[in-house]
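K.L.:
Heads up: the sequence shown runs through residues 6 to 107, numbered per the numbering used here.
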Amino acid sequence: MKGTRVNGRYRLAITSRAVAAIGGGYALAAGFSAALSLLLAQCMPRVEAVLTATMLSWVVYATAAGWAFYTRTAWGAWGGTLLPALVLGASATAPHWMKAAA
Numbered sequence: 006m007k008g009t010r011v012n013g014r015y016r017l018a019i020t021s022r023a024v025a026a027i028g029g030g031y032a033l034a035a036g037f038s039a040a041l042s043l044l045l046a047q048c049m050p051r052v053e054a055v056l057t058a059t060m061l062s063w064v065v066y067a068t069a070a071g072w073a074f075y076t077r078t079a080w081g082a083w084g085g086t087l088l089p090a091l092v093l094g095a096s097a098t099a100p101h102w103m104k105a106a107a
């Protein structure tokens with residue numbers, strides 16, 4: 006049996022996906038938790054809203070980590086984690102921006 010040789014490009018792609026899963030997944034979970042806690046705080050006590058959003062963010066983090074290795078390319082892994090993270094982060098900070106502008 007002949008051994009297969011792994012080149013540097015493959016290792017870089019796997020490293021990029023791992024960083025996207027860890028860093029991008031964390032950013033996505035943090036943005037999700039912030040946005041959902043602000044949304045839930047309108048219909049339940051603030052402490053319960055934050056706890057619920059934080060617990061649900063673990064599901065989002067695990068899904069993002071899985072997504073990073075499921076996509077065809079490493080660019081898809083980065084786009085699938087960071088773009089929604091930016092949208093959720095912007096929606097979570099928008100009320101603060103609106104108060105400062107007024």
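By construction, the Cβ of each residue, glycine as well, lies at the ideal position given by its N, Cα and C atoms.
Computed from a predicted model, the values in this text were never measured in an experiment.
(1) Can the beta-carbon of alanine 97 be found less than 8 Å from the beta-carbon of leucine 43?
(2) With a CB to CB cut of under 8 Å and the five nearest residues on each side skipped, what residues in its chain are close to serine 62?
(3) Quick one: is threonine 86 buried, meaning 16 or more other Cβ sit within 10 Å of its Cβ, or exposed?
(4) Quick check on the DSSP output: the alpha helix (DSSP H) that includes alanine 35 runs from which residue to which?
(5) Three or more beta-carbon pairs under 8 Å between the segment 18-32 and the segment 45-59, yes or no?
(6) Tell me, to the nearest whole angstrom, how far the beta carbon of alanine 69 is from that of glycine 30; I am working on the premise that it is less than 8 Å.
P.N.:
The relevant details are as follows:
(1) For alanine 97 and leucine 43, yes; Cβs fall inside 8 Å.
(2) So the qualifying residues of the chain are Ala34, Ala35, Phe37, Ser38, Leu41.
(3) Threonine 86 comes out buried.
(4) First-last of the alpha helix (DSSP H) with alanine 35: 30-45.
(5) These segments do not touch.
(6) The pair is a contact, with the Cβ atoms about 4 Å apart (cut-off 8 Å).
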